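S.K.:
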Amino acid sequence: IQMTQSPSSVSASVGDRVTITCRASQGISGWLAWYQQKQGKAPKLLIYAASSLQSGVPSRFSGSGSGTDFTLTISSLQPEDFATYYCQQANSFPYTFGQGTKLEIK
Amino acid sequence: EVQVVESGGDLVQPGGSLRLSCVASGFTVSGTYMSWVRQTPGKGLEWVSVIYNTGDGSPYYADSVKGRFTISRDNSKNAVYLQMNSLRTEDTAVYYCAACVAVTGGYFDYWGQGALLTVSS
Numbered sequence: 022i023q024m025t026q027s028p029s030s031v032s033a034s035v036g037d038r039v040t041i042t043c044r045a046s047q048g049i050s051g052w053l054a055w056y057q058q059k060q061g062k063a064p065k066l067l068i069y070a071a072s073s074l075q076s077g078v079p080s081r082f083s084g085s086g087s088g089t090d091f092t093l094t095i096s097s098l099q100p101e102d103f104a105t106y107y108c109q110q111a112n113s114f115p116y117t118f119g120q121g122t123k124l125e126i127k
Numbered sequence: 282e283v284q285v286v287e288s289g290g291d292l293v294q295p296g297g298s299l300r301l302s303c304v305a306s307g308f309t310v311s312g313t314y315m316s317w318v319r320q321t322p323g324k325g326l327e328w329v330s331v332i333y334n335t336g337d338g339s340p341y342y343a344d345s346v347k348g349r350f351t352i353s354r355d356n357s358k359n360a361v362y363l364q365m366n367s368l369r370t371e372d373t374a375v376y377y378c379a380a381c382v383a384v385t386g387g388y389f390d391y392w393g394q395g396a397l398l399t400v401s402s
């Protein structure tokens with residue numbers, strides 16, 4: 022299953038609302054996760070099962086979608102949110118990740 | 282405290298072999314999915330392999346490593362391993378050990394710091 026994220030990069034300002042999209046090449050129901058990765062660090066789980074917020078993750082992060090189309094929304098960007106974001110399907114093996122979306126400061 | 286620590290990264294010649302280790306603390310590797318995920322320098326994430334906690338723990342592999350890599354588990358050491366044979370330059374990457382601890386269903390909530398494998402002559 023191929024996962025395609027858009028955009029590949031986005032520039033935004035602190036306080037902005039940002040939406041990242043992930044599309045699966047075939048239906049994956051709600052078997053989708055979102056991760057945040059900062060330079061030189063391991064990925065961090067933000068959202069699982071498409072819309073469930075991982076423990077300890079701020080509520081400004083939210084996920085939605087089902088089937089083939091999913092979104093990650095950050096309601097009000099904070100300085101610590103500038104990072105690269107990846108989606109991952111957990112519907113079937115081999116698990117696959119999107120190519121990543123780099124969120125940069127405008 | 283839940284922790285996952287990889288070790289074993291090194292510089293290896295093409296065609297060579299290497300074994301990565303992943304030692305867990307704060308949870309038991311036999312009770313969850315354990316995976317290896319790699320990241321090529323400057324590139325994205327690629328899932329490599331998983332070993333299950335259910336049934337016979339049959340492993341699964343990415344097509345790119347099938348037949349060359351083997352994942353295994355030692356419950357007595359609370360560790361997971363990735364034996365990598367017939368290494369290619371394109372296997373050069375940071376290899377992360379990832380676990381599904383508090384979240385079930387193939388979502389990785391704990392990751393190690395990564396182990397760097399460089400395949401070069």
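In order, the protein sequence lines correspond to chains A and B.
Under our numbering, residues 22 to 127 are what the first sequence spells out, in order.
Under our numbering, residues 282 to 402 are what the second sequence spells out, in order.
Glycine is no exception: its CB is placed at the ideal position from the N, C-alpha and C atoms.
Here the structure is a predicted model, which is why all the values come from computation and not from measurement.
Let me confirm a value: residue 384(B) is counted as buried when at least 16 other C-beta atoms fall within 10 Å, else exposed. Which label applies?
M.R.: buried
S.K.: What does residue 63(A) reach in chain B if we use C-beta pairs closer than 7 Å?
M.R.: Near residue 63(A) (Cβ distances below 7 Å), the residues of chain B are 377, 392, 393, 394 and 395.
S.K.: Going by beta-carbon coordinates alone, are residue 374(B) and residue 319(B) separated by less than 8 Å?
M.R.: yes
S.K.: Compare the C-beta of residue 343(B) with all C-beta atoms of chain A and state if any pair is closer than 8 Å.
M.R.: With 8 Å as the cut-off, residue 343(B) counts as an interface residue toward chain A.
S.K.: Let me see if you follow: with CB-CB separation under 8 Å, is residue 116(A) close to chain B or not?
M.R.: yes
S.K.: What number of angstroms, rounded off, separates the C-alpha of residue 357(B) from the C-alpha of residue 331(B)?
M.R.: 19 Å
S.K.: Looking at the strands, I want to know which residues DSSP matches up with residue 303(B).
M.R.: Residue 303(B) is bridged to 287(B) and 361(B).
S.K.: Please report the distance separating the alpha-carbon of residue 79(A) from that of residue 57(A).
M.R.: 12 Å
S.K.: Once DSSP output is grouped into helix, strand and coil, what is the label at residue 329(B)?
M.R.: It is a strand residue.
S.K.: Hey, quick one: how far does the beta strand (DSSP E) through residue 65(A) stretch, first residue to last?
M.R.: 65 to 69
S.K.: Pick from 314(B), 304(B) and 346(B): whose alpha carbon is nearest that of residue 371(B)?
M.R.: When only C-alpha atoms are compared, the closest one is 346(B).
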